[in-house]
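Report on the following structure.
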Amino acid sequence: MKQTVDWHKHWTRPNPGFHEGQVNRYLEKYLPLFSLPAGATIFMPLCGKALDIYWLSQQGYRVIGVELSAVAVESFFNEADLPYSKKTDGKFTRYEAQNITLYQGDYLDIQAAQLEQCALVYDRASIVAIESFNRASYQQRMMQIIPAATPMLLITLTYDQSQMSGPPFSVPVDEIRQLYQPDYQIDLLESNEQIEERPRWRDQGLTSLNETALKLTPRGHCDE
Ligand SMILES: C[S@@+](CC[C@H](N)C(=O)[O-])C[C@H]1O[C@@H](n2cnc3c(N)ncnc32)[C@H](O)[C@@H]1O
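Here numbering that gives the first Met the number 0 is used: the first residue of the sequence shown is 0, the next is one more, and so on.
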């Protein structure tokens, strides 16, 4: 994916600003909504070294992630104290430990065969890491690589993009709807003002920051 953000530079710091030092609260709260069977596979696009990877694996799920930065992937395994194997796999380096597989490389190179078993997409700080000119490609690729019946838990951020350049970028719920509504019913789970909890961004001039958790249910698999 051609992009202007230098992600490798972000990963020269041990804990980049977007890295949460805890399991994501929306993930913990809303995962039960998806009624996943034990051992189900969860795909985390642009996974960084999120603690969510380990937490999900400890809940008994299989986690598949893709991440551009080898520093992020290796930090994840080292910080979780998980011995891993590392192999070249096409355009990727594939890292594996227990029920976790992380592909180090470009998200756009992931193939459907790698996600055949995927039962949930968990997108936290992923679509908001994509520049606006790449978001349609991100969504289209997602539709090509996940099985048709795969739901998503997606957390997006909305703020005045003229106050801060990003990443993360502001991706309003309406934009998520434009991208995913043809394939998904989109339900708003929770929306919260977060500016008081992000003093670093407030200091950069941001006056409001809204975080929204969405449940995306594939059409044809909704309860209506
Ligand atoms: C904002 S961070 C979020 C990481 C993670 N989802 C989390 O919640 O901590 C975005 C991540 O996407 C990675 N990334 C950016 N472009 C990518 C691409 N084309 N393919 C794979 N990973 C990418 C970056 O290296 C970075 O770690």
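Glycine included, every Cβ here is placed at the ideal spot set by N, Cα and C.
- Look at Leu-208 here: in three-state DSSP terms it is coil, with no helix or strand label.
- Within a 10 Å sphere around the beta-carbon of Arg-218 sit fewer than 16 other beta-carbons, which makes this residue exposed.
- For Asn-133, the enclosing alpha helix (DSSP H) covers residues 131-144.
- Here the stretch 19-32 makes no contact with the stretch 125-145; the two share fewer than three CB pairs at distances below 8 Å.
- For the pair Leu-30 and Gln-57, the CB atoms are not nearer than the 9 Å cut-off.
- Here DSSP, grouped into helix, strand and coil, assigns Phe-91 to strand.
- Contact between the stretch 65-75 and the stretch 90-104 is established, with three or more Cβ pairs separated by less than 8 Å.
- The straight-line gap separating the alpha-carbon atoms of Pro-167 and Leu-156 is approximately 8 Å.
- Here Arg-123 has Asn-23, Ile-154 as same chain residues with Cβ atoms under 6 Å from its own Cβ, once five neighbours each way along the sequence are excluded.
- Bounds of the beta strand (DSSP E) holding Gln-103 are 99-103.
- Between ligand 1 and Asn-191, a heavy atom-to-CB distance of less than 8 Å is absent.
- Between ligand 1 and Pro-198, a heavy atom-to-CB distance of less than 8 Å is absent.
- Short note on Tyr-106: C-beta closer than 8 Å to some heavy atom of ligand 1.
- Excluding five sequence positions before and after Lys-86, the CB atoms of its chain that fall closer than 6 Å to its own CB belong to Arg-93, given in chain order.
- Our two residues, Met-141 and Met-163, have alpha carbons roughly 27 Å apart in a direct line.
- In this structure, DSSP gives Asn-77 a helical state, which the three-state scheme calls helix.
- Taking a 10 Å sphere around the C-beta of Gly-47, we find 16 or more other C-beta atoms and assign the residue as buried.
- Ranking Phe-33, Leu-50, Met-0, Pro-36 by CA distance to the CA of Gln-21 puts Leu-50 first.
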